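Numbering (UniProt numbering), first residue to last: 1 to 243.
Notes for the one structure printed next.
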Amino acid sequence: MEIFSIDHHSHLPLHIQVEQLLRGLISDPEYQNGKLFPNEVDIAKRMGISRNTVRQALNKLVQEGLLTRKKGVGTKVSKNNITTKLNKWSSFTLEMHEKGVAFKTYDLKVDWVEADQATATLFGIVQKSKVLKLERLRGLDNGPIVHFISYFHPRVGLTPDEDFSRPLYEMLEKDHHTVVSVSKEEISATLADDHLAHILQVNTGDPILLRKRVVCDPGDRPIEYNLGYYRADRFTYAIDIAR
């Protein structure tokens, strides 16, 4: 069994420390491949904390869709659904990394294209101006989950020669001095056409989630126009609303 260690003198609550440790286990290949998580009693004894504290951390990860618990069986990494939350925004790569989810890129295409009317209007440029288009098909080891299509404002300075395996917004800030500040989201339901059905490995006409995102800099100037097509059976959006 893994050796767990927490800091009993830290200002960070114990259940948060446990949650962070468990997130690390989620990304471990053994657990990704179906190995059962240690049980609550064993974790609690190793850490010298109460079972309720461990349960609180596990329940949080279950609620996020990262873990699946079955009575009489145990706790495993969830393979069927990925959940992202709308109360905190970051790049998809960084968000999945924080959750301990090992996403992979199945396909990546980048090229110059002519801006259509919608993109040109959003960016405030002439229609058919050249903009950089980035397409990424991403998912888990057992198949793709989301197809991203991004268009970037010409002033950003991105080219097809960039290393797009890096976290996108980190690259924009470090290499192009472009800071992302606001993400304006619109989510709707739609049906998979033949092309989306083929790449997402679903049937034509199956329901999918369409998320439109406009990413802006601190001056509220658009940087990226992104379309995300998610398999509805394997991806969930969640939102926390505080009064």
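Idealized CB from N, CA, C, for every residue including glycine.
Small disclaimer: the values here were computed from a predicted structure and weren't measured.
CA-to-CA distance, glutamate 114 to glutamate 224, given in whole angstroms: One C-alpha to the other measures close to 15 Å.
How long is the line joining the alpha carbons of alanine 202 and arginine 231, rounded to whole angstroms? Position check: residue 202 holds valine in this sequence, whereas alanine was assumed. Each residue's alpha carbon lies about 8 Å from the other.
With a Cβ-Cβ cutoff of 9 Å, do valine 110 and leucine 137 count as a contact? no
Would you call lysine 88 buried or exposed, if buried means 16 or more other Cβ atoms sit within 10 Å of its Cβ? Low confidence applies to lysine 88: its pLDDT is 48, below 50, so where it sits in the model is not reliable, and the reading given next is rough at best. With fewer than 16 other Cβ atoms within 10 Å, it is exposed.
Excluding the 5 residues preceding and the 5 following tyrosine 151 in the sequence, name in chain order all residues of the same chain whose CB lies nearer than 6 Å to its CB. Thr119, Val131, Lys133, Tyr225
Please report how far the alpha carbon of leucine 158 lies from the alpha carbon of aspartate 220, in whole angstroms. 19 Å
Spell out the partners DSSP gives serine 150 in its beta bridges. When DSSP reads this structure, serine 150 sits in a beta bridge with Leu134, Asn226.
Would you report the Cα separation of lysine 85 and serine 181, rounded to the nearest angstrom? In this predicted model, lysine 85 has a pLDDT of only 47, less than 50, meaning its place in the structure is not dependable enough to derive any value.
Could you tell me the alpha carbon to alpha carbon distance between isoleucine 208 and leucine 196, rounded to whole angstroms? 9 Å
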